[in-house]
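Take any residue in the sequence shown, count from 1 to its spot, add 417: that is its number in the numbering used here.
In this text, a Cβ means the ideal position worked out from N, Cα and C, and glycines have one as well.
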Amino acid sequence: STGTIQSSRYGIYAQLVDGTLTIDNQGAISSTGGMGISASASGTGAVTVGNTAAISTTARAIDTLTSSGNLEVTNTGILTVTGTDSAGIYAQSQDGATTVTHSGGITTADGRGIHARSTSGEVTVNASDDITTGQATTTTHNHGIDAGSTSGKVTVNFDNGTIKVVGTNTGGGNSIGIAAWDTGSTN
Numbered sequence: 418s419t420g421t422i423q424s425s426r427y428g429i430y431a432q433l434v435d436g437t438l439t440i441d442n443q444g445a446i447s448s449t450g451g452m453g454i455s456a457s458a459s460g461t462g463a464v465t466v467g468n469t470a471a472i473s474t475t476a477r478a479i480d481t482l483t484s485s486g487n488l489e490v491t492n493t494g495i496l497t498v499t500g501t502d503s504a505g506i507y508a509q510s511q512d513g514a515t516t517v518t519h520s521g522g523i524t525t526a527d528g529r530g531i532h533a534r535s536t537s538g539e540v541t542v543n544a545s546d547d548i549t550t551g552q553a554t555t556t557t558h559n560h561g562i563d564a565g566s567t568s569g570k571v572t573v574n575f576d577n578g579t580i581k582v583v584g585t586n587t588g589g590g591n592s593i594g595i596a597a598w599d600t601g602s603t604n
């Protein structure tokens with residue numbers, strides 16, 4: 418997409434079972450009641466999302482999910498999320514590799530800047546530019562970057578920017594600049 422999208426739900430929404438789902442967005446997206454880009458694949462489907470434009474939403478700016486296929490998100494746009502318990506970039510695969518490359522600013526009112534996960538695949542995050550996360554509710558984890566895998570290797574690289582997390586002193590949420598973990602990696 419190269420045009421401006423204004424929506425009360427999804428800016429771009431796509432699903433697939435097998436094969437490769439590719440989204441290349443170059444136009445600004447504004448959503449007053451949902452996500453900017455939502456892309457998911459079940460079966461062996463893979464998802465690739467590229468974004469170079471500003472996205473402003475109340476929910477996840479970029480939301481991606483796969484079952485067993487690989488997942489790749491590349492973003493250079495500025496992401497602004499005003500809703501609660503959300504994320505600038507949410508990338509999660511059950512069994513595939515998850516890769517996030519980010520070089521645009523992210524601001525969230527309540528939630529994570531980048532959430533990158535895989536249950537059994539590798540997770541790689543390469544990020545730069547400023548990430549600012551807030552915590553409006555007491556149970557939200559508002560990490561700048563949250564990367565993890567149960568049995569794959571996790572790598573996070575961050576430079577040329579500042580991560581600022583603002584938390585509350587009450588409730589069960591926590592605020593961490595970069596949270597990276599893996600429990601089964603042999604590397």
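CB-CB length for residue i against residue j, believed under 8 Å
i: Q443; j: T481; result: Between T481 and Q443 the Cβ distance is about 18 Å, and since that is not below 8 Å, they are no contact.
i: G462; j: G486; result: 5 Å
Bridge partners - residue i, DSSP secondary structure assignment
i: R534; result: Q509, G565
i: D640; result: Outside the shown range of the chain (418 to 604) lies residue 640, about which nothing can therefore be said.
i: T474; result: V498
CA-to-CA distance, residue j to residue i, given in whole angstroms
i: I531; j: I506; result: 5 Å
i: Q552; j: T499; result: 11 Å
i: N604; j: G513; result: With a pLDDT of only 49 at N604, under the threshold of 50, the placement of this residue in the model should not be trusted, and no figure is reported.
i: D599; j: V542; result: 13 Å
i: T439; j: L433; result: 10 Å
i: N577; j: S457; result: 31 Å
i: A544; j: T469; result: 14 Å
i: T421; j: R477; result: 18 Å
i: D502; j: A526; result: 9 Å
i: V573; j: A597; result: 7 Å
7 Å CB neighbourhood of residue i in its chain, flanking five on each side removed
i: G538; result: S510, D512, G513, A514, T515, S566, G569
i: V540; result: T515, A533, R534, A564, G565, S566, G569, V571
i: L584; result: According to the sequence provided, residue 584 is Gly. The question's Leu does not apply to it. The residues are Q552, N559, G590, N591, S592.
Own chain residues within Cβ distance below 6 Å of residue i, not counting five before or after
i: I495; result: A471, G521, G522
Go through the region 431 to 472 residue by residue and report every complete run of the beta strand (DSSP E) that reaches 3 residues or more, in order.
As far as the region 431 to 472 is concerned, its whole beta strand (DSSP E) runs of at least 3 residues are 437 to 442, 446 to 448, 454 to 458, 463 to 468.
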